[in-house]
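Peer 1:
There are 6 protein chains.
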Amino acid sequence: MSKIVTLGEIMLRLSPEGNYRFVQTDSFRIIPGGGEANVAVSLANYGHETFFVSKLPTHEIGQIAVNALRRYGVNTEHIARGGDRVGLYYAETGASMRPSKVIYDRANSAIAEAEPGDFDFDAVMEGADWFHWSGITPALSDKAAELTRLACEAAKRHHVTVSVDLNFRKKLWTSEKAISVMRPLMQYVDVCIGNEEDAQLCLGFKPDADVEGGKTDAEGYYGIFKGMMQEFGFKYVVSTLRESFSATNNGWKALIYDGKTFYQSKHYDINPIIDRVGGGDSFSGGLIHGMLTYKDQAKALEFAVAASALKHTIPGDFNLVSAEEVMSLAEGNANGRVQR
Amino acid sequence: MSKIVTLGEIMLRLSPEGNYRFVQTDSFRIIPGGGEANVAVSLANYGHETFFVSKLPTHEIGQIAVNALRRYGVNTEHIARGGDRVGLYYAETGASMRPSKVIYDRANSAIAEAEPGDFDFDAVMEGADWFHWSGITPALSDKAAELTRLACEAAKRHHVTVSVDLNFRKKLWTSEKAISVMRPLMQYVDVCIGNEEDAQLCLGFKPDADVEGGKTDAEGYYGIFKGMMQEFGFKYVVSTLRESFSATNNGWKALIYDGKTFYQSKHYDINPIIDRVGGGDSFSGGLIHGMLTYKDQAKALEFAVAASALKHTIPGDFNLVSAEEVMSLAEGNANGRVQR
Amino acid sequence: MSKIVTLGEIMLRLSPEGNYRFVQTDSFRIIPGGGEANVAVSLANYGHETFFVSKLPTHEIGQIAVNALRRYGVNTEHIARGGDRVGLYYAETGASMRPSKVIYDRANSAIAEAEPGDFDFDAVMEGADWFHWSGITPALSDKAAELTRLACEAAKRHHVTVSVDLNFRKKLWTSEKAISVMRPLMQYVDVCIGNEEDAQLCLGFKPDADVEGGKTDAEGYYGIFKGMMQEFGFKYVVSTLRESFSATNNGWKALIYDGKTFYQSKHYDINPIIDRVGGGDSFSGGLIHGMLTYKDQAKALEFAVAASALKHTIPGDFNLVSAEEVMSLAEGNANGRVQR
Amino acid sequence: MSKIVTLGEIMLRLSPEGNYRFVQTDSFRIIPGGGEANVAVSLANYGHETFFVSKLPTHEIGQIAVNALRRYGVNTEHIARGGDRVGLYYAETGASMRPSKVIYDRANSAIAEAEPGDFDFDAVMEGADWFHWSGITPALSDKAAELTRLACEAAKRHHVTVSVDLNFRKKLWTSEKAISVMRPLMQYVDVCIGNEEDAQLCLGFKPDADVEGGKTDAEGYYGIFKGMMQEFGFKYVVSTLRESFSATNNGWKALIYDGKTFYQSKHYDINPIIDRVGGGDSFSGGLIHGMLTYKDQAKALEFAVAASALKHTIPGDFNLVSAEEVMSLAEGNANGRVQR
Amino acid sequence: MSKIVTLGEIMLRLSPEGNYRFVQTDSFRIIPGGGEANVAVSLANYGHETFFVSKLPTHEIGQIAVNALRRYGVNTEHIARGGDRVGLYYAETGASMRPSKVIYDRANSAIAEAEPGDFDFDAVMEGADWFHWSGITPALSDKAAELTRLACEAAKRHHVTVSVDLNFRKKLWTSEKAISVMRPLMQYVDVCIGNEEDAQLCLGFKPDADVEGGKTDAEGYYGIFKGMMQEFGFKYVVSTLRESFSATNNGWKALIYDGKTFYQSKHYDINPIIDRVGGGDSFSGGLIHGMLTYKDQAKALEFAVAASALKHTIPGDFNLVSAEEVMSLAEGNANGRVQR
Amino acid sequence: MSKIVTLGEIMLRLSPEGNYRFVQTDSFRIIPGGGEANVAVSLANYGHETFFVSKLPTHEIGQIAVNALRRYGVNTEHIARGGDRVGLYYAETGASMRPSKVIYDRANSAIAEAEPGDFDFDAVMEGADWFHWSGITPALSDKAAELTRLACEAAKRHHVTVSVDLNFRKKLWTSEKAISVMRPLMQYVDVCIGNEEDAQLCLGFKPDADVEGGKTDAEGYYGIFKGMMQEFGFKYVVSTLRESFSATNNGWKALIYDGKTFYQSKHYDINPIIDRVGGGDSFSGGLIHGMLTYKDQAKALEFAVAASALKHTIPGDFNLVSAEEVMSLAEGNANGRVQR
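Protein chains in written order, with UniProt numbering: chain A, 1 to 340; chain B, 1 to 340; chain C, 1 to 340; chain D, 1 to 340; chain E, 1 to 340; chain F, 1 to 340.
This is the structure we're talking about:
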């Protein structure tokens with residue numbers, strides 16, 4: 001059991017049931033989630049002492065988010081309370097050739113308006129083994145970018161391993177702005193997770209493969225990974241490779257590079273996808289657990305890919321699986337027979 | 001059938017089912033509503049050509065609000081489209097001694113940030129018989145207060161009767177600010193609806209009765225009504241009188257004054273209350289229909305009180321009753337026998 | 001355990017959840033029920049061998065109705081299969097001063113178009129102890145009236161006690177038509193259940209009390225009961241007395257007359273009413289069980305009134321209570337303490 | 001924005017949730033729909049001024065249908081009100097090798113018993129650009145067939161383009177009867193939509209390909225299309241080609257012929273199908289929009305096929321998509337990536 | 001119509017909706033089922049007079065199970081009432097590579113603690129044509145094993161055909177214990193259903209094929225079937241062959257051997273699976289009906305395989321299909337076209 | 001903020017929705033709860049560091065119970081994991097004269113079979129301020145009684161205040177057995193909560209008032225309280241007084257005695273009751289908070305009574321209210337006005 005810290009926003013996802021469209025529904029399921037919160041839940045499920053750092057209003061809607069994290073074993077004592085809004089996003093689930101659709105309503109949330117004084121990052125990082133954040137956190141606001149920097153600095157002061165999921169979000173900032181904020185933060189990062197598109201938009205790298213069209217070329221990543229490692233001094237560069245056949249059917253695998261060896265994971269054909277959202281976060285959570293558990297980057301990556309393949313079969317953002325379930329799949333038990 | 005215009009905000013109310021508390025629920029029922037939108041739906045149900053004027057985003061969440069109005073026959077062609085947010089509020093339903101609770105998340109909604117150029121109020125008021133707004137609309141923002149003034153001016157240019165529901169909301173503005181905005185707008189108003197507390201907080205009148213504690217003194221209103229009429233030149237002053245015994249049981253009646261006669265309606269004992277929200281708006285809707293239909297202020301008031309008593313038995317903000325159903329209750333059929 | 005036969009229609013009630021109005025709902029709960037079917041379920045619950053005689057289409061919607069009866073132990077072997085439609089009615093549940101509302105869509109149902117050849121009434125009545133029908137059955141169609149006559153004749157051939165619940169339904173026939181059909185059928189009836197309004201509309205008796213307004217005068221029934229007994233030779237005349245205070249709160253008691261003594265039951269204050277529909281049928285079911293079980297008309301009536309008071313607290317048409325539960329209430333345990 | 005008129009029946013579809021069978025459910029989802037109503041909703045979604053002409057009862061069940069149309073922007077002012085019944089159909093949704101099942105209960109609905117005097121077709125067609133109907137409308141009753149003829153005549157008087165979806169329904173009429181009614185109506189038709197089976201059963205054409213077995217032969221349509229055009233003088237003949245692999249997986253494409261060129265659309269593999277009902281209607285709606293928007297029959301057809309492919313992924317009869325969403329798919333964006 | 005008896009346990013399956021995991025749900029759907037109860041429901045659906053023999057508590061939870069059987073036409077008069085518990089199992093439904101998961105809570109159920117004196121097996125078997133049980137029944141407890149033996153003996157006394165579904169359950173007993181109980185019971189069995197794994201674990205046969213991995217080798221069964229027939233004198237040996245590709249997609253076929261000919265059924269690709277539980281029981285039910293209806297073992301097997309393929313598309317344990325629906329699929333109608 | 005420990009069982013309550021009876025429902029709402037768990041949740045809500053001590057299986061059903069406690073802030077680190085069963089109880093909610101009904105299925109639960117070695121009570125009690133248990137815990141099994149004794153002893157070693165809620169449950173043990181176990185445990189108790197019936201059945205005191213019938217006589221408690229204090233040396237004796245008018249309407253107040261003064265709280269009329277279960281536990285939770293917060297026994301009692309009155313308006317066992325909400329009611333704000 002390690003101590004792990006993540007920093008970011010937890011939102012409420014408001015979604016129609018099943019495959020109903022927004023304009024058909026008269027109720028929303030409430031699905032708490034957010035990049036780093038999702039990672040925290042994954043790691044709590046694997047048995048780690050996990051802290052999610054954020055800010056949430058004192059009112060009951062803020063409490064819904066706190067309770068969702070506590071329910072799954074995440075320590076919430078470093079969540080500052082105050083501000084007005086819990087960030088929201090509306091999401092409807094597509095099928096076949098109809099894509100899922102997300103509408104954000106997260107501006108002015110409590111964490112986007114939080115102040116450095118809301119947190120004591122030295123207390124947070126004291127004794128921690130790992131600190132994870134994503135490119136979404138600094139994108140929330142200039143204040144949040146400042147918080148990210150302060151957290152990274154504290155992590156380094158306390159000799160904490162730092163991972164980032166680049167995760168570019170075009171609704172939150174431009175690539176120009178992202179690059180200006182993210183590049184300086186890379187000095188604190190040990191493990192960098194991100195596909196070629198993220199690398200380009202957040203860090204200024206030019207991808208060679210055509211990801212948008214669903215085609216992926218694992219070998220196209222060699223050069224990018226080497227270049228990223230050279231420039232930023234990462235210990236590991238990692239990326240998932242998603243093939244989007246339809247809203248219901250995706251291919252899924254991942255790559256890792258430790259500066260010496262380049263390892264490509266098993267490939268999973270996920271059909272049907274129950275819920276895609278949080279797929280990347282479950283990969284990050286699996287990777288952190290894998291790296292903390294195994295010495296072998298290949299084993300760590302296989303754990304991460306199996307974990308995130310399972311996530312696609314679970315409703316909601318959180319990857320509610322145990323390490324045993326992930327290992328069983330990573331070891332090849334993919335036939336779906338009833339477990340009695 | 002008259003042409004009626006209302007101006008304001010329509011929000012989505014997000015509510016747990018039944019009597020569940022916020023922290024217990026994993027879904028929200030979506031209940032579109034808002035003071036003036038509720039009045040518009042009431043009037044469309046009574047057979048009038050009713051226009052709701054507002055601004056809503058072009059995305060599907062904005063469309064949910066537009067569709068809710070269209071569904072019940074409100075004309076939405078004067079709703080401007082644009083902006084980012086649909087205003088929200090979270091509401092849980094109390095019972096017995098536990099009060100219902102509302103948490104607002106309506107800042108920066110599309111209508112709060114709308115511009116005069118979004119609307120052609122002369123086109124809107126052309127041929128209209130009645131224009132209704134409430135104190136919530138100018139409280140949304142300075143821009144919205146400006147829109148209210150422009151709408152009132154256009155109404156007067158087109159000889160439209162104007163009614164206001166004072167409806168003070170302490171989460172939106174202070175009494176000081178309210179008085180500075182609302183008093184100048186009273187020159188356009190023919191029919192003023194508001195209880196003593198609203199009159200004090202929006203217009204600066206001092207009430208004599210203790211409403212908060214559930215005690216009401218109809219005669220205490222005589223002086224207030226006379227004073228208001230004298231100062232602002234209203235044609236009618238009207239108020240509901242609610243007795244709050246519990247979250248489930250209220251007494252309900254109303255008063256009207258035309259400058260000559262003071263008429264007090266029948267009293268209803270509402271038990272159980274199914275949904276209190278929109279009770280006041282259903283009264284305004286009923287009053288406007290009553291005044292457009294009957295010459296007699298007493299008949300108009302009895303229609304309004306019966307309409308709003310029925311509203312308390314209907315889930316949601318909208319008062320989904322026909323004029324026939326209201327008249328049946330106003331005429332004394334309150335025994336609740338099954339209508340086969 | 002006695003053998004009991006009832007004849008009539010079972011419909012599907014389609015209802016919005018809770019107190020939603022028709023125009024608010026996007027789903028209907030399916031609630032199978034119908035006067036004589038409800039009586040049959042009551043009696044199966046009390047442990048009798050109970051047969052419901054009717055006709056239903058062979059398709060799955062017909063099967064839904066058959067299965068609902070089997071589920072609660074009613075023998076369905078004398079239900080003929082064929083025809084096109086299962087009768088429907090839409091019902092929304094009122095509250096406080098808002099009445100519940102019923103819209104029928106039962107024309108041309110299988111039983112309304114059934115033929116004498118669909119049934120072998122001698123086989124049905126063989127060995128039976130009791131035959132119950134209501135005024136709804138002959139009102140369905142001329143064919144159904146003919147079936148009712150044939151069933152009564154067979155009952156008499158087999159020395160079966162016959163009860164009727166007069167139950168006038170103005171949507172199905174006029175009072176004139178009802179009187180022409182019902183009066184001749186009274187010769188077969190031993191136990192006649194019906195309030196003064198039914199007696200007037202179905203049999204031509206003039207009531208003295210004002211039932212519609214919720215006022216009831218038990219003594220006003222003396223004359224009516226005596227007159228009915230004199231003219232038709234009933235062994236018992238029985239009536240419930242409902243006081244409708246609101247859709248949520250009713251008073252409830254009943255009267256019985258055996259030609260010698262007039263007995264008035266305990267009075268129940270039912271608040272809240274969960275579902276009023278089937279209240280009268282549960283009374284008939286309780287009365288038949290009471291008469292088959294006790295020699296004392298007072299005990300029989302108290303059982304019937306307690307049974308039907310309980311029905312008002314149960315969703316759906318069927319009175320899903322055991323004889324033990326009814327007896328417990330009839331004996332005075334009305335405090336609602338949790339039964340652990 | 002064009003003015004478009006459709007004439008037909010809107011029913012309530014009553015369906016168990018998900019894949020439950022009729023005999024398992026205790027509730028029905030209420031899904032308003034009907035061939036021409038579905039076309040009207042499609043066209044309102046694409047921004048046209050769309051009128052649905054029909055007759056519905058004045059009661060609340062009729063109002064449910066009216067409100068469903070208003071909600072999605074269809075103009076209902078030409079819907080006559082009266083009659084007793086809203087047509088119903090029960091539908092359960094199959095999966096894999098289990099087919100979906102439909103049980104109709106639509107006899108004697110208000111529109112089937114409507115009279116010519118219920119409508120002023122000259123007022124309806126005044127200024128219209130397009131009139132669409134399907135073979136279901138005249139099949140409802142002789143009166144409805146007469147209404148169809150009157151509407152077609154009025155359309156022609158007002159120079160309105162007329163399209164028909166042949167849509168043979170064996171539960172409503174025989175092929176003989178269909179041919180006797182439909183052939184004379186073809187003189188008014190500009191655009192004829194229908195597969196080979198419909199052409200045979202409604203108009204007397206003999207198909208060459210085996211559609212029932214899921215095999216389709218696009219070239220087999222050449223002769224039929226030419227023959228139909230020759231005999232009836234259509235401007236366009238159009239057909240969809242469905243390959244039924246299972247209840248969950250269909251192939252989907254379409255053909256069009258303008259008398260000169262024969263164009264075959266892209267092929268879609270729809271897996272999973274969320275709701276098949278209304279698939280054909282969404283094609284008609286897409287085709288009408290396509291023809292009103294593009295000069296090119298190929299572009300119109302691709303819009304129609306993409307629109308109807310999307311419909312298969314949306315619960316309910318109505319195709320709740322925007323023209324932008326359809327165009328995105330028609331242009332090749334079928335990978336189902338989340339739209340943020 | 002034959003008289004058929006089955007003996008075993010009916011439990012309540014408690015399941016989250018859809019694909020939710022146990023830790024995500026706040027409600028359970030109640031799904032009554034159990035090996036032999038499922039067979040009984042299948043056979044009642046096919047029109048047979050079917051008796052389920054078991055023991056259930058007198059309280060309402062026991063009644064839920066009784067009512068579920070009655071609803072679908074199973075005769076429950078030989079169910080003894082008493083004991084404390086209804087057996088439960090919790091089940092969540094997997095998807096793609098995530099397996100479904102079952103947690104049992106069935107110890108000390110009423111049937112596991114039933115006594116021989118609770119049943120009169122001679123009365124039960126009087127006039128019966130077929131008696132079916134599975135290896136689960138004797139595995140429940142030593143008492144239940146004794147009941148199984150008594151039932152088999154009574155069946156033989158009354159010349160009833162006996163079938164068994166071996167169905168080894170490792171949570172209920174060890175292979176050693178199973179063999180010691182099951183082997184002696186084989187003397188009563190005419191038709192033995194079981195795959196190679198069951199044959200090994202219940203009867204001590206060694207399978208040759210690798211079933212766990214999803215690979216099946218039909219020919220590998222020849223030897224096993226011959227050996228089983230030789231040793232136990234079965235009239236028929238039968239097995240299904242499931243290929244588990246994922247939790248959502250299985251291959252499905254079956255084999256039968258009458259001592260002379262070995263027949264292998266059509267193969268079905270089931271995608272998506274809606275509910276796998278009860279798949280084997282629906283096969284047994286189909287086989288019994290097939291054998292009672294057809295002289296040809298091939299026809300009987302094709303009926304059984306088609307019946308159980310359909311079961312996989314139906315939520316719940318019970319196979320709610322008619323013989324007509326099964327025959328339609330067995331005859332090749334697998335395209336899933338809507339049945340109107 | 002104090003450290004508080006409670007010891008007992010947490011079960012899953014399985015309940016039909018609303019007022020449905022067991023035999024009508026096809027789903028159960030899962031409501032975690034149990035006497036001491038409910039107290040723990042109350043105290044966590046009031047801001048205390050609260051530990052619930054119990055044993056739960058490692059499987060997901062055990063995890064559901066753990067997660068429910070974590071969600072509401074209860075520390076679960078002293079919950080031992082192991083054993084087979086989570087205790088269950090089925091509960092249906094009555095209305096009016098129909099009582100709620102509970103069916104237990106809790107035998108052999110993990111905590112009932114827990115061993116002393118599963119817990120380190122000295123570690124548990126280290127630094128604690130208060131230890132609470134109820135008469136249900138030792139009633140579970142002899143082992144659980146032993147655990148209760150060990151916990152009490154450890155509490156005393158660590159100078160922890162001990163409270164007990166006598167809570168006699170006749171389904172778990174006889175009065176004789178209860179007295180033999182409970183009397184010796186009273187030596188550890190500082191605060192004794194229990195009505196006269198509990199005092200009689202658990203400790204051998206004879207009550208004077210008739211509680212079962214809903215009649216309560218506060219003065220009748222004087223003697224009992226004095227006697228109990230004399231014999232057992234309690235510091236406080238406390239009892240609630242419930243008047244059961246119906247399943248929907250109860251009167252509610254409480255009494256406390258500190259050996260000197262006897263204080264009787266305000267009386268609340270609770271109508272409607274939303275959920276009665278957990279009412280007594282919420283009183284204990286409120287009392288402990290009150291005593292830890294106020295020096296005045298009257299203030300503590302008023303807090304406890306207001307807290308438990310609120311509980312009756314909240315679905316589920318847990319009293320999800322804040323100290324602020326309770327104080328607002330205790331101070332007299334009972335009018336149920338909407339809190340905006």
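Ideal Cβ positions, reconstructed from N, Cα and C, are used throughout, including at glycine. Predicted model, so just to flag it, every value in this text is computed and none were measured.
Could you have a look at F/Ala91 and say whether DSSP puts it in helix, strand or coil?
Peer 2: By one-based count along the sixth sequence, residue 91 of chain F stands at place 91. Of the three classes helix, strand and coil, the one that applies to F/Ala91 here is strand, per DSSP.
Peer 1: So A/Ile270 and A/Asn249 are in contact, right, with Cβ under 8 Å, and what is the actual spacing, rounded?
Peer 2: Numbered from 1 along the first sequence, position 270 holds the residue referred to as residue 270 of chain A. Numbered from 1 along the first sequence, position 249 holds the residue referred to as residue 249 of chain A. Indeed they touch by this definition, with Cβ atoms about 7 Å apart.
Peer 1: Is F/Leu201 helix, strand or coil when you go by DSSP?
Peer 2: Here residue 201 of chain F refers to the residue found at position 201 when the sixth sequence is read from its first residue. In this structure, F/Leu201 counts as helix in the three-state DSSP scheme.
Peer 1: Run through chain C and tell me which residues come within less than 9 Å of D/Thr25, C-beta to C-beta.
Peer 2: Locating residue 25 of chain D in the fourth sequence gives position 25, counting from the first residue. The contacting residues are Ile30, Ile64.
Peer 1: So which residues on chain B does A/Tyr90 lean against when the C-beta distance must stay under 9 Å?
Peer 2: By 1-based counting over the first sequence, the position of residue 90 of chain A is 90. Those are His59, Glu60, Ile61, listed as they occur along chain B.
Peer 1: In angstroms with no decimal places, state the Cα-to-Cα distance between E/His59 and C/Arg340.
Peer 2: Within the fifth sequence, numbered from 1, the residue matching residue 59 of chain E stands at position 59. Within the third sequence, numbered from 1, the residue matching residue 340 of chain C stands at position 340. Each residue's alpha carbon lies about 12 Å from the other.
Peer 1: By Cβ distance, which residues of its chain are closer than 6 Å to A/Ser282, with the 5 residues on each side in sequence left out?
Peer 2: Reading the first sequence from its first residue, position 282 is the one you call residue 282 of chain A. Contacts found: Ser42, Ala307, Ser308, Lys311, Asn319.
Peer 1: So, does the CB of E/Lys215 fall closer than 8 Å to a CB anywhere in chain A?
Peer 2: Your numbering for residue 215 of chain E matches position 215 in the fifth sequence. Any reading at E/Lys215 needs caution, since the residue's pLDDT is 44, under 50, leaving its predicted position unreliable; the model's value is listed next. So, not an interface residue.
Peer 1: Would you say F/Pro268 faces chain B, with C-beta separation under 8 Å as the test?
Peer 2: Within the sixth sequence, the letter at position 268 stands for residue 268 of chain F. The residue asked about is misnamed: residue 268 of chain F is Tyr in this sequence, not Pro. With 8 Å as the cut-off, F/Tyr268 counts as an interface residue toward chain B.
Peer 1: Taking the alpha carbon of C/Arg183 as the reference point, which residue from C/Gln200, C/Ala304, C/Lys170, C/Gln264 has its own alpha carbon closest?
Peer 2: Within the third sequence, the letter at position 183 stands for residue 183 of chain C. The shortest Cα separation from C/Arg183 among C/Gln200, C/Ala304, C/Lys170, C/Gln264 belongs to C/Gln200.
Peer 1: In this structure, does DSSP put A/Val181 in helix, strand or coil?
Peer 2: The sequence position of residue 181 of chain A within the first sequence is 181, counting from 1. Three-state DSSP puts A/Val181 in a helix.
Peer 1: Residues of chain B with CB under 8 Å from F/His312, in chain order?
Peer 2: As a first step, residue 312 of chain F must be located in the sixth sequence, where it is residue number 312. Ser96, listed in chain order.
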